[in-house]
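Here's the structure, in C-alpha cells; my notes come after.
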Amino acid sequence: MASKAPAKKASKSSSGTAKKSSSEQVQNPLYMSKPKNLRVGGDIRPTGRDLSRYVKWPRYVRLQRQRKILYQRLKVPPAINQFTKALDKNQAAETFRLFSKYTPESKDAKKERVEKIAAAKASGETPASSAPGPVIKFGLKHVTQLIEDKKAKIVLIGHDVDPIELVVWLPALCRKMDVPFAIVKGKARLGTLTNQKKCSVVALTKVNKEDEGALKKLQDNFKTQFNGTVERKWGGGQMGRKTVAKLAIRAAQLEAEKAKKQAAMTR
Numbered sequence: 661m662a663s664k665a666p667a668k669k670a671s672k673s674s675s676g677t678a679k680k681s682s683s684e685q686v687q688n689p690l691y692m693s694k695p696k697n698l699r700v701g702g703d704i705r706p707t708g709r710d711l712s713r714y715v716k717w718p719r720y721v722r723l724q725r726q727r728k729i730l731y732q733r734l735k736v737p738p739a740i741n742q743f744t745k746a747l748d749k750n751q752a753a754e755t756f757r758l759f760s761k762y763t764p765e766s767k768d769a770k771k772e773r774v775e776k777i778a779a780a781k782a783s784g785e786t787p788a789s790s791a792p793g794p795v796i797k798f799g800l801k802h803v804t805q806l807i808e809d810k811k812a813k814i815v816l817i818g819h820d821v822d823p824i825e826l827v828v829w830l831p832a833l834c835r836k837m838d839v840p841f842a843i844v845k846g847k848a849r850l851g852t853l854t855n856q857k858k859c860s861v862v863a864l865t866k867v868n869k870e871d872e873g874a875l876k877k878l879q880d881n882f883k884t885q886f887n888g889t890v891e892r893k894w895g896g897g898q899m900g901r902k903t904v905a906k907l908a909i910r911a912a913q914l915e916a917e918k919a920k921k922q923a924a925m926t927r
C-alpha cells in the first residue's frame, strides 16, 4: 500500500497578513468606545421611548382599559351610559367633605367607647350616651331599604361598580322615591368613607344641625343634575383611528363614483 503524502501546512502569505491587519479597526485613544449594556442591572434605558407597551400590567388594569375601550366602541344603552356622567371635581370635593364628617367608627374606636361605658357602669357613674351620632349608611341592601322607606336624605353611587347590574336600577328607584342621588367617580373613594376597601353605594339619613345648610344645597344640586335629568342618549359608537380613516376613504370613493354617474347622466 502506498503511504499517504504528509499534508502540507498552509504558509502564511503576505496578502493574508495585509487583509488581517486592514480588517482590524484602530481605536482612537482619545475617544474610547463604551458600548452600553441595556440588560437587567446594566445601563439605564433612554427616557424618550414609551415603554408602556412592554410592561405586563396587572389584570385589573388591563380590565379597566379594555372596559373603557369597549364603552367607546360599542353602543351603550342609556341606563348604563348615565354612569359615565359623574360629578365634577369641585362638586365631588364638597360632597366628600360633608360625608367624611360622618365616617363610621372603626373597630378600635368602638371597642374604646364600649370599654368606657363599662368602666362607668362599674364605678357606679351614669355613662354617657352609648349610641353613636349620625353616620354613613352603606351596603346595597341596607341603602335600598332606606330609599324605599324614604329615610335616606342623600345617596352616592359609584360609577365603576362591577358588575354594573348591581346598581343600574338604583337611579330609577331614587327618582321614583324622590331621593336625591349622585354618581361619583370611584367605589374605592366611597370605601374610604366607610373604612372598607371599596363600597358601591352610601347614604346619609341624618346630619348635625351645623351641616343642614350644606346638605340642603347638595340636595338641590343633585335633584337638578341627576333626578330631574333622565339620560336618554345612547353612548359609545366611537371607532378607532384606523377604522375612522378607512371609513373616510370609503366615503370619498362612494362620493367619487356618485359624481361620475351624475356626470355621465348629464351628458
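Going by the numbering used here, the first residue of the sequence shown is number 661, and it counts up by one from there.
Glycine included, every Cβ here is placed at the ideal spot set by N, Cα and C.
By how many angstroms is the C-alpha of Glu-785 removed from the C-alpha of Gln-758? Residue mapping note: residue 758 aligns to position 98 of the sequence shown, counting from 1. Residue mapping note: residue 785 aligns to position 125 of the sequence shown, counting from 1. Note on residue identity: the sequence assigns Leu, not Gln, to residue 758. The straight-line gap from Cα to Cα measures roughly 35 Å.
Here's the rule: buried if 16 or more other CB atoms are within 10 angstroms of the residue's CB, otherwise exposed. What is Lys-694? Residue mapping note: residue 694 aligns to position 34 of the sequence shown, counting from 1. Result: exposed.
Since Ile-814 sits in a beta bridge, which residues does DSSP pair it with? Within the sequence shown, the letter at position 154 stands for residue 814. For Ile-814, which the question treats as bridged, DSSP gives the partners Leu-864.
Taking only the alpha-carbon atoms, compute the straight-line gap between Gly-846 and Trp-829 and give it to the nearest angstrom. In the sequence shown, residue 846 corresponds to position 186, counting from 1. In the sequence shown, residue 829 corresponds to position 169, counting from 1. C-alpha separation (whole angstroms): 18 Å.
Through-space distance from Ser-712 to Gly-702, alpha-carbon basis: Your numbering for residue 702 matches position 42 in the sequence shown. Your numbering for residue 712 matches position 52 in the sequence shown. Whole-angstrom Cα-Cα distance: 20 Å.
Straight-line Cα distance separating Gly-708 from Ser-682: Counted from its first residue, the sequence shown places residue 682 at position 22. Counted from its first residue, the sequence shown places residue 708 at position 48. Unreliable positioning characterises Ser-682 in this predicted model, as indicated by a pLDDT of 49, which lies under 50. A coordinate reading is not provided.
Specify the secondary structure class of Ala-842 as computed by DSSP and reduced to three states. If you number the sequence shown from 1, residue 842 lands on position 182. Ala-842 falls in the strand class under three-state DSSP.
Go ahead and label Gln-742 buried or exposed: buried means 16 or more other beta carbons lie within 10 angstroms of its beta carbon, across all protein chains shown. In the sequence shown, residue 742 corresponds to position 82, counting from 1. Answer is buried; the Cβ neighbour count reaches 16.
Quick one: grab the DSSP three-state call for Val-774. In the sequence shown, counting from the first residue as 1, residue 774 sits at position 114. DSSP places Val-774 in helix when its eight states are reduced to three.
Whole angstroms are fine: how far does the CA of Asn-868 sit from the CA of Gln-751? Against the sequence shown, residue 751 aligns to sequence position 91. Against the sequence shown, residue 868 aligns to sequence position 208. Take the alpha-carbon of Gln-751 and the one of Asn-868: they are about 21 Å apart.
So who's on the other strand from Gly-896, going by DSSP bridges? In the sequence shown, counting from the first residue as 1, residue 896 sits at position 236. Bridge partners of Gly-896: Lys-735.
Assuming contact is defined by CB atoms lying nearer than 7 Å, are Lys-811 and Thr-865 in contact in what I supplied? By one-based count along the sequence shown, residue 811 stands at place 151. By one-based count along the sequence shown, residue 865 stands at place 205. Taking 7 Å as the Cβ cut-off, Lys-811 and Thr-865 qualify as a contacting pair.
Could you pull the start and end residues of the alpha helix (DSSP H) that Lys-802 belongs to? Counting from one through the sequence shown, the residue named residue 802 turns up at place 142. Here residue 802 is His; the residue named in the question, Lys, does not match the sequence. Looking at the DSSP string, the run of the alpha helix (DSSP H) that includes His-802 is 800 to 808.
Buried/exposed call for Tyr-635, threshold 16 Cβ in 10 Å: The first residue shown for the chain is 661 and the last is 927, placing residue 635 beyond what the model contains.
Proximity winner among Lys-801, Ile-843 and Ala-863, relative to Asp-748 (alpha-carbon distances): For the purposes of this step, residue 748 is identified with residue 88 of the sequence shown, where counting begins at 1. Minimum Cα distance to Asp-748 is reached at Ile-843.
What number of angstroms, rounded off, separates the C-alpha of Ala-795 from the C-alpha of Tyr-762? Residue numbering aside, residue 795 sits at position 135 when the sequence shown is read from its first letter. Residue numbering aside, residue 762 sits at position 102 when the sequence shown is read from its first letter. Checking the displayed sequence, the identity of residue 795 turns out to be Val instead of Ala. In a straight line, the C-alpha of Val-795 is about 5 Å away from that of Tyr-762.
Could you give the distance in angstroms between the alpha-carbon of Ala-924 and the alpha-carbon of Leu-734? By 1-based counting over the sequence shown, the position of residue 924 is 264. By 1-based counting over the sequence shown, the position of residue 734 is 74. Approximately 40 Å between the Cα atoms of the pair.
Looking at chain D, is there any beta carbon in it that lies within less than 7 Å of the beta carbon of Thr-903? Among the chains of the structure shown, chain D does not appear; only one protein chain is present.
Starting from the C-beta of Pro-706, find all residues in its chain whose C-beta is less than 6 Å away, skip the five residues before and the five after it, and write them out in chain order. As a first step, residue 706 must be located in the sequence shown, where it is residue number 46. Contacts found: none.
Mapping DSSP to helix, strand and coil, what is Lys-761? For the purposes of this step, residue 761 is identified with residue 101 of the sequence shown, where counting begins at 1. Helix.
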